[in-house]
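Residue numbers (my numbering), protein chains in the order written: chain P, 8 to 266; chain R, 41 to 417.
What follows is a single structure, written as structure tokens, with notes after it.
Right under this line is the structure:
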């Protein structure tokens with residue numbers, strides 16, 4: 008597929024974010040195409056999560072433009088903003104489940120809030136999403152405190168998928184999981200993306216995830232972003248990118264993905 | 041109706057039910073077709089054909105509705121088929137079908153009366169366990185204290201002084217202000233009542249004895265429970281959440297010695313000092329009010345105070361102070377150490393530590409009253 012003709016769902020131009028005097032992103036550009044899985048990588052403190060939070064509107068940017076589905080996020084009024092937010096789902100690092108609600112109730116929150124579906128159907132859809140993310144059948148009745156870290160992430164993913172988002176944002180989906188759990192989670196994200204056809208933007212530290220499921224990768228270096236497929240990035244001369252993609256861990260991940 | 045909305049048409053001929061689905065089947069739009077599909081399912085027919093050729097969009101919830109209809113009809117023993125489905129839609133419906141499992145979504149609640157009985161039992165056992173736990177915590181603390189006394193160099197002096205500053209020095213303004221105001225209120229109310237008997241001068245006795253014996257120490261203790269007891273619970277609780285307390289144990293530091301002891305000793309020292317201050321301020325408030333409403337001059341007030349209020353009244357308050365300090369620090373620290381995992385637990389334990397500390401302070405105060413009246417002071 009030719010990159011020029013692909014439908015751009017998120018377009019970031021000249022983004023500047025700063026905390027006090029510290030500049031995190033300085034004139035950053037990024038395009039996300041419809042239907043792809045984009046991985047965002049970078050060193051600790053490079054501002055990966057900040058970028059994701061800025062795109063979904065949780066962080067205020069200092070300058071620049073963010074367009075989602077062709078709409079400039081600055082020009083939206085409250086209702087348009089809500090309508091836009093309904094079209095994306097966010098999975099937070101620790102799941103960010105509402106601790107006083109059961110998993111099924113957590114998944115039902117967006118459905119109750121944004122649709123007029125009858126309660127019985129909401130229950131059915133919640134059950135379906137819980138099953139889709141691979142949680143055990145008794146998980147729906149549990150409170151977040153009764154779940155393991157991996158299950159919380161799955162439940163968070165189920166909630167993010169509640170309204171069948173067109174864009175799914177994932178913040179470190181595999182962080183804190185054991186390698187087997189992380190590999191399963193990668194497979195799950197890949198499978199869901201294939202089934203549901205959404206665009207996925209994923210902040211990650213995990214090289215295995217990159218090689219397993221990402222179509223393109225955006226590398227945050229020097230407050231800017233370098234995007235490309237894995238092949239392109241491996242040939243990029245920037246020292247940090249070289250080290251990242253040619254270190255021993257990267258080689259292991261390539262071997263694993265190739266095997 | 042525009043083509044984009046989600047709709048179905050149901051037609052029946054010769055026992056064949058035709059359901060045609062059309063438009064965009066998106067989560068937000070499904071409410072109406074859900075009702076229509078449920079009623080369509082209730083119809084009697086031999087065979088059902090579900091036509092999907094008019095679909096322009098299908099998401100998981102829409103696919104679920106179609107699959108559910110298929111499943112219900114098949115369960116009734118009918119021949120059902122989808123026709124005209126695009127491969128994408130068929131694949132989605134298939135993956136939904138693969139994920140259809142029996143699930144538990146609700147918690148099982150016992151009968152209301154049983155639940156009440158259950159709660160009462162649990163609460164009673166909990167209260168007893170709480171008391172037992174506090175006693176054993178007192179034991180551990182005292183043993184650690186004794187060990188530290190045997191080797192005084194192990195005492196963390198910096199921590200002790202920091203806690204004394206936070207719990208004592210920083211509490212001075214609020215303790216002083218409230219005690220002063222209570223002194224004012226006591227004098228004002230007392231004067232009002234006693235004036236009717238021409239016994240205004242006894243206002244001094246009233247203010248002196250009640251402030252020295254009860255009000256000063258109780259106010260100081262309750263404020264310290266609210267300020268320091270809760271702070272202890274929150275500080276130690278947060279450390280517990282970060283696994284700092286566990287880290288301490290693995291390094292060979294005893295959390296009781298490092299965290300609990302400085303705080304306990306600090307309050308045991310500081311609460312008596314705060315009590316003296318609260319006593320002074322309370323009496324100052326009483327003196328001011330007596331002068332303002334009863335024309336009792338300061339010298340008269342002090343003269344009367346010296347003759348009417350025995351020194352023992354002051355000591356009664358002072359004897360209670362270190363005991364209350366100990367209780368408050370123990371409940372606060374213990375609540376902090378009992379925090380498990382989540383930030384929510386920190387909040388719970390903090391609230392609980394304040395409630396328990398104030399409860400214990402007042403119960404202990406009552407026990408002291410009985411004791412003092414038995415020994416006759």
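Glycine residues also receive a C-beta, built at the ideal position from the N, C-alpha and C atoms.
Owing to the predicted nature of the structure, the values given are computational and were not obtained by experimental measurement.
What does DSSP give as the partner residue(s) for residue i in the beta ladder?
| i | result |
| --- | --- |
| residue 121 of chain R | R:89 |
| residue 40 of chain P | P:15 |
| residue 420 of chain R | For chain R, the structure presents residues 41 to 417; residue 420 of chain R sits outside this window and is missing. |
| residue 78 of chain P | P:75 |
| residue 35 of chain P | P:22 |
| residue 62 of chain R | R:47, R:94 |
| residue 95 of chain P | P:174 |
| residue 45 of chain P | P:208, P:223 |
| residue 232 of chain P | P:227 |
| residue 30 of chain P | P:25 |
| residue 70 of chain P | P:23 |
Measuring only the C-alpha atoms, how far is residue i from residue j?
| i | j | result |
| --- | --- | --- |
| residue 218 of chain R | residue 317 of chain R | 11 Å |
| residue 240 of chain P | residue 234 of chain P | 8 Å |
| residue 43 of chain P | residue 103 of chain P | 25 Å |
| residue 172 of chain R | residue 179 of chain R | 11 Å |
| residue 135 of chain R | residue 168 of chain P | 15 Å |
| residue 15 of chain P | residue 77 of chain P | 8 Å |
| residue 201 of chain R | residue 184 of chain R | 19 Å |
| residue 402 of chain R | residue 362 of chain R | 14 Å |
| residue 62 of chain R | residue 48 of chain R | 6 Å |
| residue 29 of chain P | residue 82 of chain P | 27 Å |
| residue 253 of chain R | residue 153 of chain P | 50 Å |
| residue 299 of chain R | residue 204 of chain R | 13 Å |
| residue 257 of chain P | residue 71 of chain P | 33 Å |
| residue 204 of chain P | residue 64 of chain R | 16 Å |
| residue 263 of chain P | residue 274 of chain R | 46 Å |
| residue 374 of chain R | residue 129 of chain R | 59 Å |
| residue 158 of chain P | residue 195 of chain R | 45 Å |
| residue 312 of chain R | residue 351 of chain R | 16 Å |
| residue 87 of chain R | residue 109 of chain R | 13 Å |
| residue 408 of chain R | residue 147 of chain R | 47 Å |
| residue 51 of chain P | residue 250 of chain P | 15 Å |
Classify residue i: buried if its beta carbon has 16 or more other beta carbons within 10 angstroms, exposed otherwise.
| i | result |
| --- | --- |
| residue 96 of chain R | exposed |
| residue 113 of chain P | buried |
| residue 139 of chain R | buried |
| residue 90 of chain R | buried |
| residue 193 of chain P | buried |
| residue 406 of chain R | exposed |
| residue 54 of chain P | buried |
| residue 67 of chain R | buried |
| residue 121 of chain R | exposed |
| residue 26 of chain P | exposed |
| residue 179 of chain P | buried |
| residue 391 of chain R | exposed |
| residue 360 of chain R | buried |
| residue 159 of chain R | exposed |
Beta-carbon separation of residue i and residue j under 8 Å?
| i | j | result |
| --- | --- | --- |
| residue 230 of chain R | residue 393 of chain R | no |
| residue 272 of chain R | residue 208 of chain R | no |
| residue 331 of chain R | residue 338 of chain R | yes |
| residue 206 of chain P | residue 60 of chain P | no |
| residue 295 of chain R | residue 370 of chain R | no |
| residue 48 of chain P | residue 36 of chain P | no |
| residue 263 of chain R | residue 214 of chain R | yes |
| residue 147 of chain P | residue 110 of chain P | yes |
| residue 247 of chain R | residue 323 of chain R | yes |
| residue 171 of chain P | residue 112 of chain R | no |
| residue 222 of chain P | residue 181 of chain P | no |
| residue 98 of chain R | residue 74 of chain R | no |
Which chain C residues sit within Cβ distance under 9 Å of residue i?
| i | result |
| --- | --- |
| residue 109 of chain P | Absent from the structure: chain C. Protein chains present are P and R. |
Below 7 Å, is the gap between the Cβ of residue i and the nearest heavy atom of the ligand MG?
| i | result |
| --- | --- |
| residue 32 of chain P | For the structure depicted, the ligand MG is absent and the ligand set is empty, with no information on it obtainable. |
The stretch 150-162 of chain P: positions lying closer than 7 Å to chain R by Cβ
Residues of the stretch 150-162 of chain P that bring their beta carbon within less than 7 Å of a beta carbon in chain R comprise 152, in sequence order.
Could you list the residues in the stretch 171-199 of chain P with a C-beta less than 8 Å from some C-beta on chain R, going in chain order?
Those residues of the stretch 171-199 of chain P that come within reach of chain R (Cβ to Cβ, closer than 8 Å) are 171.
At a CB distance below 9 Å, what residues from the stretch 121-135 of chain P approach chain R? Give them in sequence order.
Hits within the stretch, in order: 121, 122, 123, 124, 125, 127, 128, 130, 131, 132, 133, 134, 135.
Using a Cβ-Cβ cut-off of less than 8 Å, give me the residues of the stretch 99-116 of chain R that come near chain P, in sequence order.
99, 100, 101, 104, 105, 108
Along the stretch 380-394 of chain R, what residues have a CB closer than 7 Å to any CB found in chain P?
If the cut-off is 7 Å between Cβ atoms, the stretch 380-394 of chain R has 382, 384 near chain P.
Along the stretch 210-228 of chain R, where does the CB come closer than 8 Å to a CB of chain P? Name the residues.
none
Can you pull out the residues from the stretch 131-144 of chain R whose beta carbon lies closer than 8 Å to at least one beta carbon of chain P?
Listed in sequence order: 131, 132, 135, 136, 139, 140, 141, 142, 143, 144.
Can you list, in chain order, the residues of the stretch 78-97 of chain R whose Cβ is nearer than 7 Å to any Cβ on chain P?
Contacts with chain P (Cβ-Cβ distance below 7 Å) from the stretch 78-97 of chain R involve no residue at all.
So if I threshold CB-CB distances at 9 Å, which residues from the stretch 73-98 of chain P count as touching chain R?
93
What residues in the stretch 43-77 of chain P have a beta carbon less than 8 Å from any beta carbon of chain R?
Within the stretch 43-77 of chain P, no residue has a Cβ lying closer than 8 Å to any Cβ of chain R.
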